[in-house]
Amino acid sequence: MKLTMKQHGFRIELPHQTLDIDGNELFGIRPYQLMVSSIAGCSASVFRKIMEKQRLEIDDMEVSAEVERDEMAANRISKITLTYVVRGFHLDKAQLEKNLELAHNNCSMVQTVKDSIEIEERLEVIHLNHY
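Per numbering that gives the first Met the number 0, residue 0 is the first one in the sequence shown, and the count goes up by one each step.
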């Protein structure tokens, strides 16, 4: 990975895309947003993979992230709350909660930051009905 300075921020050239990073959202993704999206994306991907291996079918999943930052410590990220909203038919909330715990323990990004950022996961299950 290589970062190249541009007029505003930096650009990362990846094999299939380009990513602009800047402290100003007008010119690119902010560094803290990149970190939070990496953690949320990794966790969600591991959670999905676990469900696929167990052949649990879901209709849809959304993950939202709330971020707490410590202004007294260089505005560092102190806590990320990930809220998973899972929709589907015949979902077992207890099983999904176990899978979310497995995802937490097997997500490389969560494990990388667990000693410096508190990561909390919440689960909301929406049961769909056949009509």
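All C-beta atoms in this analysis are idealised placements derived from N, C-alpha and C, irrespective of residue type, glycine included. If you're wondering where the values come from, they're calculated on a predicted model, not measured in any experiment.
What number of angstroms, rounded off, separates the C-alpha of residue i from the C-alpha of residue j?
i	j	result
Phe46	Leu2	30 Å
Leu101	Glu12	33 Å
Arg68	Ile116	10 Å
Ala39	His15	21 Å
Within the same chain, show all residues whose beta-carbon is closer than 6 Å to that of residue i, passing over the 5 residues directly before and after it, in chain order.
i	result
Tyr83	Val62 and Leu122
Thr111	none
His7	Asp21 and Phe26
From the options, pick the residue whose C-alpha is nearest to that of residue i; which is it?
i	options	result
Gly87	Asn128, Glu119 and Val109	Asn128
Asn114	Leu95, Ile79 and Val124	For clarity, residue 114 is Asp in the given sequence; the question names Asn instead. Among Leu95, Ile79 and Val124, the Cα nearest to that of Asp114 is on Ile79.
Roughly how far, in whole angstroms, is the beta-carbon of residue i from the beta-carbon of residue j, given that I think they are within contact range, below 8 Å?
i	j	result
Ile76	Val85	That belief does not hold up - the Cβ atoms of Ile76 and Val85 are roughly 25 Å apart, past 8 Å.
Leu90	Val124	5 Å
In chain order, each alpha helix (DSSP H) run of at least 4 residues that lies wholly inside the region 1-70: 30-52
Counting only runs that start and end within the region 66-106, where is the alpha helix (DSSP H) found for 4 or more residues in a row? 92-105
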